[in-house]
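Student: Everything in the sequence shown is counted per numbering that gives the first Met the number 0, starting at 0 for the first residue and increasing by one.
Built from N, CA and C at the ideal position, the CB exists for glycine as well.
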Amino acid sequence: MKKILILFLFIPLFACDDWLEVEPEDSVTFVNYFKSESELEALYNVVQSKMKYICFGKQPYFYSSIDADDVQADVDGYRKLDVSKYTGTSNTQSWTTYYDVIYLANVMIENAHRFENVSEERAAFWLGQMHFAKALAYFRVAQIWGDAPITKNSESIEPIGKSPALEVLQEALREAQSALNLPTHDKLVGTSGAAITTKQCASLGTVNTLLANICAWMGGLTGERQYWVDAEKYASEVLDGKAGVYELESMTGLIENVLGKNRKSDEIIYAISNNALDYDRNFQSFSKEAPGHFLISYPYLTQDRSEIASMVNNSNNTYTRIRVSTVERIYPEENDLRRQEFWYELGTLTYSTSNGEEVTPFAHIAKWRDMIRQMKEDIAGMPVILADCDWVFWRLADLILLRAECRARLDMTDEAVSDLNRVRERAGLSEYAGSTSKEDLRKEIFLERRRELFGEGQYYFDIVRNGYFREFLLGGFQTLTDEDVKNGALYTKVHSNAFNKNTLMTQNIYWQWQE
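In structure tokens form, the structure reads like this:
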């Protein structure tokens, strides 16, 4: 059966979906496409335009782990596992875009025999990019939904049932391994021969980092030692300099180059590129899934001290807020540079009251320093406040601490502490001197990841991978039984559109029981 390829032409790399154009049905097919390298790149661009939806945080799993004291009333139920918040189509995330990426990757991979006027080396490059995208999509599906379909090919229209999460991860692993032929990030070249500098383009370092994360997730899911061995091996390929040059920034460089508008750093391993056109299409005053999540709304909606006072005194769950005392508990060492760099005037910021200036009890996140950018006058009466930065999905400190976790699980105590100390040193701290028992060290590494990666989208998955959900999540998460977890309580409910025309689709057992 000849199937029509939807071709999107003339879109800039990483453009928004509203730039996409559909060719007439009879103009492009699998047979008459793939006649030049530029056509491979065009299809790749379509995939790249969708990758932000694969990597950006979406409810409910980000909402479940908002690291704050006061949470907006409309999302409080998510982090307390209130079933009523999770039921209903509008409250459930769809995996449609994830499978769009998988489908488009399959289109190129399955039609490699049709490539014309493309050298073997360049064909391998674009195929490697597609294998990476497909692997990352499957990995994210397994993280978010657990059991999920594994598509047969781009031509099949047969109903597909769900495969166990471990099999979905194994599919991701195979696809990622097929991308290990990609060059290091300093040797990426586009169709025109110009160097590719964006870290959204996959490289050897990116692929090894993905493989480390897949294996670590499999280790957390099964408890099998070999997965941790493999995760440590893949992470070491990057950290030992075998997959490209990556270096930790100074603390100032972290703020300016990694998390700021400079958007260029050897610490970045993989990042989703954002630009003014992307931001201009936000219909909200602030995209809650962008860096920092809800905490950025406080106090960045205003710089007026009287308005900040109103936020401080508000008791109606209008704002998501974190207290200074909570931040100090998360960062217990007073000389931790992240206290002053990630948080604005922590514990000293004042606001105006009738009795004079008072110190606010709430902390103001300042990790994303290039924060306020007003693209329009206002939307729905609210100023448009945006983060002028890329979405950094993986950076070197993240991978260092992931390897430290792997090494702690493998009883490589000295090596795990060495990795931990590398991140602590950047934060201005002395070497770790606490307990080095296997479980204590693993918990300390988890807490260090919480400190270092605060607001960067890893917290919920770190909790789940380590099995700490009863301790670090709230409400119904604390009373989940092992059977609840086995039945999918820590995964997102499958969206209703997955059942359209798919007679083999089933809901996760836990959520099926709740409906």
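One question on the structure: do GLU154 and PHE33 come within less than 8 Å of each other, judged by their Cβ atoms?
Tutor: On the sequence shown, residue 154 is found 155 positions in, with the first residue counted as 1. On the sequence shown, residue 33 is found 34 positions in, with the first residue counted as 1. Cβ distance not < 8 Å, so GLU154 and PHE33 don't count as in contact.
Student: Could you say which of GLY145, ALA141, TRP125 and VAL45 lies nearest to ALA201 if we only look at CA atoms?
Tutor: Start at 1 with the first residue of the sequence shown, and residue 201 comes out as number 202. The shortest Cα separation from ALA201 among GLY145, ALA141, TRP125 and VAL45 belongs to TRP125.
Student: Can you tell which of VAL323, SER353 and GLU356 has its C-alpha closest to the C-alpha of TRP342?
Tutor: The residue you call residue 342 lines up with position 343 of the sequence shown. The shortest C-alpha separation from TRP342 is found at VAL323.
Student: Exposed or buried, PRO148, counting other C-beta atoms within 10 Å across all chains shown (16 or more means buried)?
Tutor: Here residue 148 is taken as the residue at index 149 of the sequence shown, counted from 1. It counts as buried.
Student: Is the stretch 418 to 427 touching the stretch 445 to 462 in the sense that three or more CB pairs, one from each, lie closer than 8 Å?
Tutor: Yes, the stretch 445 to 462 is in contact with the stretch 418 to 427.
Student: Using 8 Å as the threshold, is the stretch 130 to 138 in touch with the stretch 471 to 486, meaning 3 or more CB pairs across them?
Tutor: Verdict: no, contact absent.
Student: Identify which residue in ALA270, THR319, THR491 and ASP66 has its Cα closest to the Cα of ASP146.
Tutor: Counted from its first residue, the sequence shown places residue 146 at position 147. Ranking the options by Cα distance to ASP146, first place goes to THR491.
Student: Between the Cα of GLN199 and those of VAL311, GLY192, PRO163 and PHE392, spot the shortest distance and give me the residue it belongs to.
Tutor: As a position in the sequence shown, residue 199 is number 200, starting the count at 1. That would be PHE392, whose Cα lies nearest to the Cα of GLN199.
Student: If distances are taken between C-alpha atoms only, which option among LEU398, SER64 and GLN71 comes closest to SER314?
Tutor: For the purposes of this step, residue 314 is taken as the residue at position 315 of the sequence shown. It is GLN71.
Student: Measuring CA to CA, which of LEU181, ALA215 and ILE159 is closest to LEU165?
Tutor: Along the sequence shown, one-based indexing puts residue 165 at 166. The residue with the shortest Cα to Cα distance from LEU165 is ALA215.
Student: Could you give the DSSP three-state label for ASP69: helix, strand or coil?
Tutor: The residue given as residue 69 occupies position 70 in the sequence shown. Strand at ASP69.
Student: Could you pull out every residue in the same chain whose Cβ sits closer than 7 Å to the Cβ of ARG394, ignoring the five residues on either side in sequence?
Tutor: Stepping through the sequence shown from its first residue, residue 394 is reached at position 395. Within the same chain, ARG394 has close Cβ partners VAL257, GLU266, ILE267 and ILE268.
Student: Leaving aside the five residues before and after ASP515 along the sequence, list all residues of the same chain whose C-beta is less than 6 Å from its C-beta, in chain order.
Tutor: Residue 515 is absent from the model: the chain starts at 0 and stops at 514.
Student: For the beta strand (DSSP E) that contains SER351, what are its first and last residues?
Tutor: By one-based count along the sequence shown, residue 351 stands at place 352. Taken as a continuous stretch (DSSP letters only), the beta strand (DSSP E) holding SER351 covers 349 to 352.
Student: By the three-class DSSP mapping on this structure, what secondary structure does LYS287 have?
Tutor: Looking up residue 287 in the sequence shown gives position 288. In this prediction, LYS287 scores a pLDDT of 48, lower than 50, which makes its location untrustworthy; no coordinate-derived value is stated.
Student: Please name the residue in ASP369, TYR318, GLY346 and GLY466 whose C-alpha comes closest to that of ASP75.
Tutor: Counting from 1 along the sequence shown, the entry for residue 75 is found at position 76. Checked all of ASP369, TYR318, GLY346 and GLY466; the closest Cα to ASP75 is TYR318.
Student: Quick one: what does DSSP say ALA515 is sitting in, helix, strand or coil?
Tutor: Here the chain comprises residues numbered 0 to 514, so residue 515 is not present and cannot be evaluated.
Student: With PHE392 as the anchor, note down where its alpha helix (DSSP H) starts and where it stops.
Tutor: Sequence index remark: in the sequence shown, residue 392 carries index 393 (1-based). Unbroken run through PHE392 is the beta strand (DSSP E), 390 to 394; no alpha helix (DSSP H).
Student: Taking the straight line between their C-alpha atoms, what separation do you get for PRO331 and ARG406?
Tutor: The residue given as residue 331 occupies position 332 in the sequence shown. The residue given as residue 406 occupies position 407 in the sequence shown. Using only the alpha carbons, I get a separation of about 24 Å.
Student: Which same chain residues end up closer than 6 Å to ARG262 when comparing Cβ atoms and leaving out the 5 residues on each side of it in sequence?
Tutor: Counting from one through the sequence shown, the residue named residue 262 turns up at place 263. Only ASP389 meet the Cβ criterion.
Student: Let me know if THR196 comes out buried or exposed under the rule of 16 or more other beta-carbons within 10 Å of its beta-carbon.
Tutor: Within the sequence shown, numbered from 1, the residue matching residue 196 stands at position 197. Classification of THR196: exposed, given that the 10 Å Cβ count is below 16.
Student: Which partner residues does SER162 have in the DSSP bridge list?
Tutor: Position 163 of the sequence shown, counting from 1, holds the residue named residue 162. Partner(s): ALA147.
Student: In the DSSP assignment, find the beta strand (DSSP E) that holds ALA270 and state where it starts and stops.
Tutor: Along the sequence shown, read from residue 1 onward, the residue named residue 270 stands at position 271. It spans 267 to 271 - the beta strand (DSSP E) in which ALA270 sits, taken as one unbroken run.
Student: Among the residues of its own chain, which have a CB less than 7 Å from the CB of ASP397, if the five just before and after it don't count?
Tutor: In the sequence shown, residue 397 corresponds to position 398, counting from 1. Excluding residues within five positions, the ones whose Cβ falls inside 7 Å are LEU452 and GLN457.
Student: Evaluate ARG328 with the Cβ neighbour count: other Cβ atoms within 10 Å of its Cβ, from every protein chain shown; 16 or more gives buried, anything less gives exposed.
Tutor: Reading the sequence shown from its first residue, position 329 is the one you call residue 328. By the 10 Å Cβ count, ARG328 comes out exposed.
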